[in-house]
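Asker: Residue numbers (UniProt numbering): 1 to 276. Idealized CB from N, CA, C, for every residue including glycine. Input: one structure, supplied below.
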């Protein structure tokens with residue numbers, strides 16, 4: 001049957017199927033370990049799931065976008081703030097950031113006057129944090145929460161994606177670091193926990209793909225506290241963001257039709273995947 005044909009290739013490349021996010025989840029790519037090699041397989045699997053990298057600008061009907069922070073110029077890197085709309089305005093990739101905190105920050109390159117990997121916030125961070133793609137990391141300031149909203153790249157037209165994933169560094173505790181997914185009516189589609197590896201310089205990856213492009217926003221909770229000079233917290237920074245090509249939000253009539261179709265898909269998945 002259709003569901004079997006869809007899921008068999010996913011199992012063949014080692015993807016963990018999951019219902020914890022919601023019944024709409026097609027695949028969850030989740031891994032953690034001491035170095036980049038530990039998560040490379042799940043990152044590559046997620047990239048292949050979403051399709052070709054569309055780079056910067058334009059609008060496409062399929063594929064993915066990526067943000068690895070390393071091209072952010074010095075003027076928008078630590079100790080300077082990164083504008084929340086940088087990746088929809090300066091570098092049009094259809095992602096806008098929001099936070100309950102005060103700002104966003106991309107870490108400095110080596111050789112600058114500012115310590116790498118947010119060492120100006122806490123001198124232990126350069127030896128606690130690692131990178132997946134050299135050499136910059138990303139964080140909110142005064143909060144451990146980042147909301148990512150999607151738009152048709154370079155426009156103010158709301159968009160939706162069918163998958164989102166992020167690399168994290170130094171996830172020590174099981175539980176606090178999560179990604180929650182929301183549709184274009186701000187309904188939660190579910191929350192998934194990022195895997196942890198105790199010890200410094202670890203890397204984790206979590207990516208979730210759906211059958212349809214219905215994710216309008218994701219909320220990332222990184223660790224259990226905002227980055228600071230204090231001790232005793234699970235401080236977590238972020239590296240690469242990978243997400244599906246943002247699609248224009250359907251008109252209300254189309255949304256109703258899409259909802260009906262997804263209801264049928266959910267019913268079919270439950271009948272085929274869950275025990276009687």
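Span of the beta strand (DSSP E) holding residue 178?
Answerer: 178-182 is the extent of the beta strand (DSSP E) around residue 178.
Asker: Assuming contact is defined by CB atoms lying nearer than 9 Å, are residue 46 and residue 205 in contact in what I supplied?
Answerer: Their beta carbons are under 9 Å apart, which means residue 46 touches residue 205 by this criterion.
Asker: Assign residue 254 to one of three DSSP states: helix, strand, or coil.
Answerer: Residue placement at residue 254 is poorly supported in this model, since its pLDDT is 44, which falls under 50; the coordinates still yield a value, given next. The answer is helix: DSSP assigns residue 254 an H, G or I state.
Asker: Applying the 10 Å Cβ sphere with the 16-neighbour rule, what's the burial state of residue 268?
Answerer: Interpretation of residue 268 is limited by its pLDDT of 35, a score under 50 that renders its predicted location unreliable; the figure taken from the coordinates is listed afterwards. Residue 268 comes out exposed.
Asker: Nearest CA to the CA of residue 221: which residue from 174, 185, 186 and 199?
Answerer: Ranking 174, 185, 186 and 199 by Cα distance to residue 221 puts 174 first.
Asker: Suppose contacts are defined by Cβ-Cβ distances below 9 Å. Is residue 215 in contact with residue 162 by that definition?
Answerer: Result yes, Cβ atoms of residue 215 and residue 162 sit closer than 9 Å.
Asker: Look up residue 154 in the DSSP assignment and say whether it is helix, strand or coil.
Answerer: Here residue 154 sits in coil by DSSP.
Asker: In whole angstroms, give me the CA-to-CA distance for residue 94 and residue 83.
Answerer: Cα to Cα, the separation comes out at about 14 Å.
Asker: List the residues that DSSP assigns as beta-bridge partners of residue 33.
Answerer: In DSSP, residue 33 forms a bridge with 203.
Asker: DSSP beta-bridge partners for residue 54?
Answerer: DSSP, once it has assigned bridges, lists no residue as partnering residue 54.
Asker: Given that a residue counts as buried once 16 or more other Cβ atoms are within 10 Å of its Cβ, and exposed if not, what is residue 230?
Answerer: Exposed, because fewer than 16 other Cβ atoms sit within 10 Å of the Cβ of residue 230.
Asker: What's the gap between the Cα of residue 42 and the Cα of residue 30?
Answerer: Looking at the two C-alpha atoms, the distance is approximately 6 Å.
Asker: Is residue 108 closer than 9 Å to residue 128 when the C-beta atoms are compared?
Answerer: It is not a contact, given that the beta carbons lie outside the stated cut-off.
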